[in-house]
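K.L.:
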């Protein structure tokens, strides 16, 4: 996705596109840092996936109901945007 969007964000003006790419990169690093910090916040329990994080934060029953729909929305939305962007190149 970044490969397809990189030329488009620099086609008109470099400033806003570069700022969005840098902001996206910072958010990715922040999320990675949070997952590393939460890897073993409870001794003996590993939190490797977002569903494990949801279970830890919201409980074993409510956690998957909060996390899984959001993951589904992101995955389906990413696929749709990738197909539309890739089809217009």
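In the working numbering, the protein residues as written are 14 to 102. For each residue, glycine too, the CB sits at the ideal point set by N, CA and C.
#1: Going by the CB atoms, is the gap between residue 76 and residue 67 shorter than 9 angstroms?
#2: From residue 99 to residue 85, what does the alpha carbon distance come to, in whole angstroms?
#3: Measuring only the C-alpha atoms, how far is residue 78 from residue 63?
P.N.:
Concretely, from the data shown:
#1: Taking 9 angstroms as the cut-off, the Cβ atoms of residue 67 and residue 76 count as close.
#2: 21 angstroms
#3: 12 angstroms
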